[in-house]
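For the sequence shown, numbering that gives the first Met the number 0 gives the first residue as 0, with consecutive numbering after it.
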Amino acid sequence: MAKLSPLMILPPVVFAALAATFLWGMNRDDPGKLPSAMIGRQAPAVPQTTLPGKTQLTDAMLREPGVKLVNFWASWCPPCRAEHPTLTALSEQLPVYGIDLKDPEANALSFLAEDGDPFAALATDPRGRTAIDWGVTAPPETFIVNGEGEILYRHAGPLIREDYENRFLPELERALAAED
Numbered sequence: 000m001a002k003l004s005p006l007m008i009l010p011p012v013v014f015a016a017l018a019a020t021f022l023w024g025m026n027r028d029d030p031g032k033l034p035s036a037m038i039g040r041q042a043p044a045v046p047q048t049t050l051p052g053k054t055q056l057t058d059a060m061l062r063e064p065g066v067k068l069v070n071f072w073a074s075w076c077p078p079c080r081a082e083h084p085t086l087t088a089l090s091e092q093l094p095v096y097g098i099d100l101k102d103p104e105a106n107a108l109s110f111l112a113e114d115g116d117p118f119a120a121l122a123t124d125p126r127g128r129t130a131i132d133w134g135v136t137a138p139p140e141t142f143i144v145n146g147e148g149e150i151l152y153r154h155a156g157p158l159i160r161e162d163y164e165n166r167f168l169p170e171l172e173r174a175l176a177a178e179d
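See below:
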């Protein structure tokens, strides 16, 4: 009987592990959904800086009664520009707070002057440290926060079209219903 080398067993074992990982990934409920470790936790601290002439976003605002949104955005971000009309419409129904991410001050102010300012209050995150604390991968990202400052939902990507209607709106409606 021939001896089997451990090196001959390694490739089939590695292949089986990869196949199992791929199979698990294909059978997830929503493979496009990016999980967030922040769901169910208190919102992290927000920066104590803002744009000139804008209301400073504070941690206390995130703990005020009612559902609110926190949106990470930047003027250099095309998807942020695409979702801007949606944020403007949402700001008529509930507080929308913005955190400007890695953006030159002049560019951010110009963007808000051109397209309107839907944000009830703003903070700036010039180095991206706060975005890391919140688990933001890339702007735009929007968080639904309840009256206790707890993050209920994280939406990665722009709030537009089917993604907005099918993924974000049901979560927002659920949050608003829970507040009543």
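Glycine included, each C-beta is placed from N, C-alpha and C at the ideal position. Quantities reported herein were computed from a predicted structural model and do not represent experimental measurements.
Under the criterion of beta carbons closer than 8 Å, D124 and I150 do not qualify as touching, at roughly 17 Å. In the DSSP assignment, T123 is bridged to D99.
Bounds of any beta strand (DSSP E) do not take in R173; it lies within the alpha helix (DSSP H) bounded by 168-178. Looking only at A105, V69, M37, C76, the smallest Cα-Cα distance to P94 is reached by V69.
Spanning the alpha carbons of E104 and N165 requires a straight line of approximately 34 Å. The DSSP assignment places complete alpha helix (DSSP H) segments of no fewer than 4 residues inside the segment 105-152 at 128-133, in order along the chain. Approximately 17 Å separates the beta-carbon atoms of F71 and L108; this is outside 8 Å, ruling out the contact.
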